[in-house]
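Enquirer:
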Amino acid sequence: MRRLHQILVLTSLLLGIWPATPARADEATERAASLVARMTPAEKIAQLQSAAPAIPRLGVPAYDWWSEGLHGFARLGEATVFPQAIGLAASWDPALLHAVGGVVAAQARSKFLATGLKEDHGRYNGLTIWSPNINIFRDPRWGRGQETYGEDPRLTATLAVAFIEGLQGDDPMHPTVIATPKHFAVHSGPEPGRHGFDVDVSAHDLEDTYLPAFRAAIVEGRAGSIMCAYNAIHGVPVCALPWLLGERLRKDWGFQGYVVSDCDAVDDMTMFHHYQKDNAGSSASALRAGTDLDCGSAYAGLRDALADGRISEHDLDVAATRLFAARYRLGMFDPSAPAPRNAPDAARALALRAAGESIVLLKNRDNMLPLKPGGRIAVVGPNADALSVLEANYHGTARQPVTPLEGMRTLWGEQNVRYAQGSTLADGVTVPIPVTALRSDRAHGSPGLKGEYFRGTQLTGKPVMTRFDSKVDLDTDHLSPLDGAAASKYAVRWTGQLLPPGAGDYTLAVRVDRCFDCRGHDPVHLYLDGHLIAGTVGSEEPPSVKVHFDDTRPHDLRLEWEHSGEDQGIHLEWIAPADAQLAEAAKAATDADVVVAFVGLSPGLEGEELKVDVPGFMGGDRTAIDLPSSQQQLLEAVAATGKPLVVVLMSGSAVALNWASEHADAIIAAWYPGEQGGLAVAQTLAGVMNPAGRLPVTFYRDVRDLPPFIDYGMKGRTYRYFKGEPLYAFGDGLSYTTFAYDAPKLSTQSLKAGESLDVAVNVRNSGMRGGDEVVQLYLGYPDAPDAPLRALAGFQRVSLAAGEQRTVRFHLDARALSLVDAAGARAVRAGRYAVFVGGHQPSAGQQSVMLTIAGHADVPR
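Positions -25 to -1, 1 to 836 (mature numbering (1 follows the signal peptide of the UniProt record, and there is no 0)) are the ones given, in order, by the sequence shown.
1) Which first and last residues belong to the beta strand (DSSP E) in which residue 562 is found?
2) Between the C-alpha atoms of residue 257 and residue 269, what's the straight-line distance to the nearest angstrom?
3) Indicate whether residue 447 and residue 469 have their beta-carbon atoms separated by less than 7 Å.
4) Return yes when the Cβ of residue 489 is within less than 7 Å of the Cβ of residue 444, no when it is not.
5) Can you find a C-beta in chain B that's less than 7 Å from the C-beta of residue 250?
6) Compare the Cα-Cα distances from residue 663 to each of 385, 810 and 526 and report the closest residue.
7) At which residues does the beta strand (DSSP E) containing residue 571 begin and terminate?
8) Opposite residue 549 in the DSSP bridges: which residues?
9) Identify the residues that DSSP records as bridge partners of residue 395: which are they?
10) Using CA coordinates, which residue listed in 602, 634, 622 and 786 is at the minimum distance from residue 628?
11) If you follow the alpha helix (DSSP H) that residue 383 is in, where does it begin and where does it stop?
12) Counting only runs that start and end within the region 578 to 633, where is the alpha helix (DSSP H) found for 4 or more residues in a row?
13) On a CA-only basis, which of 235, 242 and 190 is nearest residue 229? Give me that one, please.
14) Quick check on this structure: which residue in 19, 62, 801 and 835 has the alpha carbon closest to the alpha carbon of residue 846?
15) CB residue 234 to CB residue 265, shorter than 7 Å?
16) Taking just the CA atoms, how far does residue 736 sit from residue 782?
17) Specify the secondary structure class of residue 246 as computed by DSSP and reduced to three states.
18) Applying the 10 Å Cβ sphere with the 16-neighbour rule, what's the burial state of residue 869?
19) Cβ atoms of residue 642 and residue 337: under 7 Å apart, would you say?
20) So if DSSP puts residue 502 in a beta bridge, which residue, or which two residues, is it bridged to?
21) Looking only at DSSP bridge pairs, what is residue 726 linked to?
22) Could you spell out where the beta strand (DSSP E) holding residue 122 opens and where it closes?
23) From 387, 801 and 171, pick the residue whose C-alpha is nearest to that of residue 837; which is it?
24) Residue 775 to residue 332, Cα distance in whole Å?
25) Got a sec? Which residues, its chain only, sit under 8 Å from residue 700 by beta carbon, not counting five neighbours each side?
26) Using the rule of at least 16 other Cβ atoms within 10 Å of the residue's Cβ for burial, across every protein chain shown, is residue 19 buried or exposed?
27) For a test of the three-state rule: what should DSSP assign to residue 432, helix, strand or coil?
28) Please state whether DSSP places residue 128 in a helix, a strand or coil.
29) For residue 718, tell me which candidate among 545, 763 and 750 has the shortest Cα-Cα distance.
30) Which partner residues does residue 212 have in the DSSP bridge list?
31) Suppose the cutoff is 7 Å on Cβ atoms and the five residues either side in sequence are ignored; what does the same chain contact list for residue 160 look like?
32) Suppose contacts are defined by Cβ-Cβ distances below 7 Å. Is residue 564 in contact with residue 240 by that definition?
33) Roughly how many angstroms lie between the CA atoms of residue 370 and residue 758, to the nearest whole one?
34) Going by the CB atoms, is the gap between residue 359 and residue 379 shorter than 7 Å?
35) Under the rule that 16 or more other beta-carbon atoms within 10 Å means buried, what is residue 364, buried or exposed?
36) By Cβ distance below 8 Å, which residues in the same chain neighbour residue 608 in space, the five residues on each side in sequence not counted?
Below is the structure:
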């Protein structure tokens, strides 16, 4: 019997199933292997593609493996929208990431069970979550850097493990969902050309920077799957790279889950990498290297590869068994699968906490913040009242999102808040038409538009709901604005007047969030003064229209939308004359005591493979890192009024706020803060929340300080290798209180390589109010070649009441004390090291404690 058990455990290991509890692991493996053994080769091949079809004769329902949960369960209707990943990273709070992961998992499983275990589960309705994105944000120009946890391997690894454990739960054999860290490996732009990009990465940078977070996600977080990337490394696409997927991932790290390709990455091997002449060859290469699941349909080519002997049926069995073992482990075929606890109020409160913890106070001259109560505030900027900057990308549908303008009005009262949009985001980029430019009717002059909502797709009969919408800026993905109505069968008519702020040329546009894989699109029609000026043409959204207004007379406006398909939202937008908008902002500032400017970027400018080509932006990436000129003009215009200026940066990446750093009275970075972001920002400005976020990336002064974007070498990049003077450093962040540190105490100042080090430091809140401090421990390497200038080795976020003192302790094992040489070998090496502990990176004059290490100790890869 013992011999049989050993054989079963060995089988489990060979098939790649995590054997944390051997008997239960064997059960999942045995059930999967038994099921796969009854399949035909064609059925097995079909199951290795992300949209796996049903097999009725075996009782297998269809299952699409593609689901998203980057900062909330995504793309399947109502779900909590947390701050974008880069904002979560700015919290430096692993406990928060764990809690967010738990909510994502619970909402995913709740939707899965609502569909029914025996029913087909389509895209985004699954329990296999393709998150987190743990690529290193090596360059601020990368548009998808917002999806990551920043530029540092240690911070990224720690937060990734916490998020993965929150997603998967406490039982590896019965996870709530399965996490999929991505994109493995060495993937961070540029977005144009990403499908065929070959990375020439050094052995040192690979081991020192690009792999540590993935190792932690697998070894410590025990992620059940991993996604291979689009790019190649040294000429071989990573989804077909045996040493990466086999030797490193499975042998060195002990990975026993399944590998999924990035979407169409296998097809890219043929089309863009030209690695094989057809998809049969590319599919065979990927499968043999260890890619079990193809996001796409290229694995259909495995039929030809099987027929001519490039793969065996055993290769299919190994991959299919890994996949079905995961489905059994998730309880997809077990009627007793537990239903998660659904607590929407708690999730909303967590979203508010997360948004607050992510806020980074970068400047606070003369204690400008928190704002004094009772004053009049001018809220300006294109991000003050825009939905997209709350949601970012890969998001769910928030039921009641709170924009900054709404948050400010909630706290200060509408009568004390003046609002002016002030500018567009960038030259040639439309933004939502603001409430100040819309009037619901001639008689009453209520701001916004009258919205008439109809059941069904016809704009006839009596509307079932009439309301006043401040603007048309809606996310309706799988969610109807009508209670009880189908999410795809309703119509809306908005009527009112457009109020031009000045004479000049305008661009009007209706932007519709199109579903990219559905049949047909929603009809949309825009009327101005009774004339149709823009309408849907075939499957395309209405084209933008240029109009000229001679004066500021109101113009009748009507927008009709027949929501009949899977399109995901609608936005009425414009580009208004810059002079007119600047004049509005200056007037609002003049009538106020303080100006709060919400500026930055948007997920329509920076993101994944976007169709954007305007000054400063290309294809989702940035070509410049400074604030777009239209917004810079806005800041200068409101500052010219002489009123105090607070700048709130909303973006997914670092922006070179050089002018604001010198001239603004206060600056905070709020990122893309999620559904409660507007309230969190308002509460921070009011002092209800005390900011304690820290930058997860370096804010450089100029793009010329950086190496070429396409260069993946780390020299001159990130705080670890950048020798220049940043605008704001990685780890920076202020508070409304102050903290004092005693000198750190080491368990020993001389240790033998391979031994661990304990560090303790006393931290005291020396201010007058409670607050959080992020205690950061850095190592300096004065005598070590190939070493970074300094590196984060540990951190803790702690809450301290005014006057409270606490001893914060760190334990550094051999890996934390190790270095990587030019050949990529990691080891603890002899030498003298500096240990810094504080609320930021070591600064000039800050004392360090020296540590001497004797000998040499290799550290496992």
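Backbone N, C-alpha and C define an ideal beta-carbon position, used for all residues, glycine too.
Model, not experiment: these values are computed from the prediction.
Expert: Let's see:
1) One-based indexing of the sequence shown puts residue 562 at position 587. Per DSSP, residue 562 lies in no beta strand (DSSP E); the unbroken alpha helix (DSSP H) holding it starts and ends at 553 to 565.
2) Indexing the sequence shown from 1 puts residue 257 at position 282. Indexing the sequence shown from 1 puts residue 269 at position 294. Roughly 11 Å between the two C-alpha positions.
3) For this step, residue 447 is matched to residue 472 along the sequence shown. For this step, residue 469 is matched to residue 494 along the sequence shown. Taking 7 Å as the Cβ cut-off, residue 447 and residue 469 qualify as a contacting pair.
4) Position 469 of the sequence shown, counting from 1, holds the residue named residue 444. Position 514 of the sequence shown, counting from 1, holds the residue named residue 489. No, the pair does not count as a contact, with Cβ atoms beyond the cut-off.
5) Protein chain content of the structure displayed is limited to a single chain, and chain B is not contained in it.
6) Residue numbering aside, residue 663 sits at position 688 when the sequence shown is read from its first letter. The option with the nearest alpha carbon to residue 663 is 385.
7) Mapped onto the sequence shown, residue 571 falls at position 596. Start and end: 569 to 575.
8) By one-based count along the sequence shown, residue 549 stands at place 574. In DSSP, residue 549 forms a bridge with 406 and 483.
9) Looking up residue 395 in the sequence shown gives position 420. For residue 395, the pairing in a beta bridge is given by DSSP as 355.
10) Walking along the sequence shown from the start, residue 628 turns up at place 653. Of the candidates 602, 634, 622 and 786, the one whose C-alpha sits nearest the C-alpha of residue 628 is 602.
11) Counted from its first residue, the sequence shown places residue 383 at position 408. Residue 383 -> alpha helix (DSSP H) spans 379 to 387.
12) Taking only runs of at least 4 residues, the alpha helix (DSSP H) segments lying wholly in the region 578 to 633 are 604 to 614.
13) If you number the sequence shown from 1, residue 229 lands on position 254. Looking at 235, 242 and 190, the one whose alpha-carbon comes closest to that of residue 229 is 190.
14) No answer is possible for residue 846: it lies beyond the span of the chain, which begins at -25 and ends at 836.
15) Taking the first residue of the sequence shown as position 1, residue 234 is located at position 259. Taking the first residue of the sequence shown as position 1, residue 265 is located at position 290. The beta carbons of residue 234 and residue 265 sit closer together than 7 Å.
16) Along the sequence shown, read from residue 1 onward, the residue named residue 782 stands at position 807. Along the sequence shown, read from residue 1 onward, the residue named residue 736 stands at position 761. Our two residues, residue 782 and residue 736, have alpha carbons roughly 5 Å apart in a direct line.
17) What you label residue 246 is simply residue 271 of the sequence shown in a count that begins at 1. Helix.
18) As displayed, the chain neither begins before -25 nor continues past 836, which places residue 869 out of reach and without an answer.
19) In the sequence shown, the residue the question calls residue 337 occupies position 362. In the sequence shown, the residue the question calls residue 642 occupies position 667. In this structure, residue 642 lies closer than 7 Å to residue 337 by Cβ.
20) The residue you call residue 502 lines up with position 527 of the sequence shown. Residue 502 is bridged by DSSP to 507 and 533.
21) As a position in the sequence shown, residue 726 is number 751, starting the count at 1. Bridge partners of residue 726: 828.
22) On the sequence shown, residue 122 is found 147 positions in, with the first residue counted as 1. First-last for residue 122: undefined, no H or E at that position.
23) The question about residue 837 has no answer, for the chain in this structure spans -25 to 836.
24) As a working mapping, residue 775 is identified with position 800 in the sequence shown. As a working mapping, residue 332 is identified with position 357 in the sequence shown. So the two alpha carbons sit approximately 15 Å from each other.
25) Counting from 1 along the sequence shown, the entry for residue 700 is found at position 725. Excluding its 5 nearest sequence neighbours in each direction, residue 700 has C-beta neighbours in its own chain below 8 Å: 676, listed in chain order.
26) Translated into the one-based positions of the sequence shown, residue 19 becomes position 44. In this structure residue 19 is buried. Its beta-carbon is surrounded by 16 or more other beta-carbon atoms within 10 angstroms.
27) As a working mapping, residue 432 is identified with position 457 in the sequence shown. If DSSP states are grouped into helix, strand and coil, residue 432 belongs with coil.
28) By 1-based counting over the sequence shown, the position of residue 128 is 153. Three-state result, residue 128: helix.
29) Start at 1 with the first residue of the sequence shown, and residue 718 comes out as number 743. Of 545, 763 and 750, the residue nearest in Cα terms is 750.
30) Along the sequence shown, one-based indexing puts residue 212 at 237. Note: residue 212 sits in a beta bridge opposite 207.
31) Reading the sequence shown from its first residue, position 185 is the one you call residue 160. For residue 160, where only same-chain residues beyond five positions count, the Cβ hits under 7 Å are 185, 186, 189, 204, 213 and 219.
32) Looking up residue 564 in the sequence shown gives position 589. Looking up residue 240 in the sequence shown gives position 265. Not a contact, by the Cβ cut-off of 7 Å.
33) Position 395 of the sequence shown holds residue 370. Position 783 of the sequence shown holds residue 758. When the Cα atoms are used, residue 370 and residue 758 turn out to be separated by approximately 46 Å.
34) Numbered from 1 along the sequence shown, position 404 holds the residue referred to as residue 379. Numbered from 1 along the sequence shown, position 384 holds the residue referred to as residue 359. A distance below 7 Å separates the beta carbons of residue 379 and residue 359.
35) Counted from its first residue, the sequence shown places residue 364 at position 389. With a 10 Å radius around the Cβ and a threshold of 16 neighbouring Cβ atoms, residue 364 comes out buried.
36) For this step, residue 608 is matched to residue 633 along the sequence shown. Contacts found: 398, 553 and 557.
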